[in-house]
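Numbering (full-length UniProt numbering), first residue to last: 1 to 192.
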C-alpha cells in the first residue's frame, strides 16, 4: 500500500470528522467517510448515509448495501479487494431525506480529495444525488444512466441507487445492463 495515500486519506478523514460546515453535523452519530481499497480503479459514489450507516460509520451496510455488494460481486468487484465506496454527504440527513444541494456542496471538497487520493479510472454515480453533484445540477439519472463521459481523466457513468432498486424492482434489468457496461469499460481500460 502507498503510505503517502494512506497518510493523505487519514488526514482528510480527520478534517471531515471535525467538520461542522452544515447542520447535518449536529445530528450525526458518525461521519461516514468512505470504505474500500485506496488503490481502487473503480469508485462508487452514493447519496449519503442512512440510519444503519450512521450507527456503524460505514457506507452501504443496510439492505441497499447488501444489494450493492451483490451487484459488485456480479462484475468481480468487492469493497475489501478492489473498490472504493463513498457518498456525496458524509453525515445522515434527518429521516433519511435526500441531501440538499447546499449540504452536498459543503461535502464536495471531501469527495474531491477522496477522488484525488484514490485516482480511480472509473467513477460510478449511484442515483440522482450523485448525478447532480458529479455530472451536473440539471442532469437526471433517467437521462444519463448507462452513458459514459470522460472528465479530467476519469470515466464517469451512473446507475440507479440500490435503495431505488429495492423500491422499484422493474429497474433491475436496466441496472444489470449498467453493470455489464461498467465491466466492459473496466476490461477496455485494463482494470481487473
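The C-beta atom is built at its ideal place from N, Cα and C for all residues, glycine as well.
Could you tell me whether the Cβ atoms of residue 106 and residue 22 are closer together than 8 Å?
One thing to note: residue 106 has its Cβ within 8 Å of the Cβ of residue 22.
Between the region 122-142 and the region 39-52, can you find at least three pairs of beta-carbon atoms closer than 8 Å?
With the rule of 3 Cβ pairs closer than 8 Å, the region 39-52 counts as touching the region 122-142.
On a Cα-Cα basis, can you pick out the residue from 115, 183 and 140 that is closest to residue 153?
Residue 153 has its Cα closest to that of 115, out of 115, 183 and 140.
Starting from residue 148 and walking both ways along the alpha helix (DSSP H), at which residues does that stretch end?
Counting along the chain, residue 148 falls outside any alpha helix (DSSP H), and DSSP gives it neither H nor E.
According to DSSP, is residue 15 part of a helix, a strand, or is it coil?
Under the three-state reduction of DSSP output, residue 15 falls in the helix class.
Can you grab the Cα-Cα spacing for the pair residue 10 / residue 82, in whole Å?
The C-alpha of residue 82 is placed about 19 Å away from the C-alpha of residue 10.
Contact the region 178-192 vs the region 133-142: 3+ CB pairs below 8 Å
Touching, no, given that fewer than three Cβ pairs across the two stretches are closer than 8 Å.
For residue 37 and residue 89, what's the separation of their Cα atoms in angstroms?
Each residue's Cα considered, the two are about 20 Å apart.
Buried/exposed call for residue 132, threshold 16 Cβ in 10 Å
Per the 10 Å Cβ criterion, buried.
Length-filtered (3 minimum) beta strand (DSSP E) runs lying within the UniProt domain "Uracil-DNA glycosylase-like" (33-180)
The UniProt domain "Uracil-DNA glycosylase-like" (33-180) contains these whole beta strand (DSSP E) runs: 42-46, 84-87, 122-126, 149-151 and 154-159.
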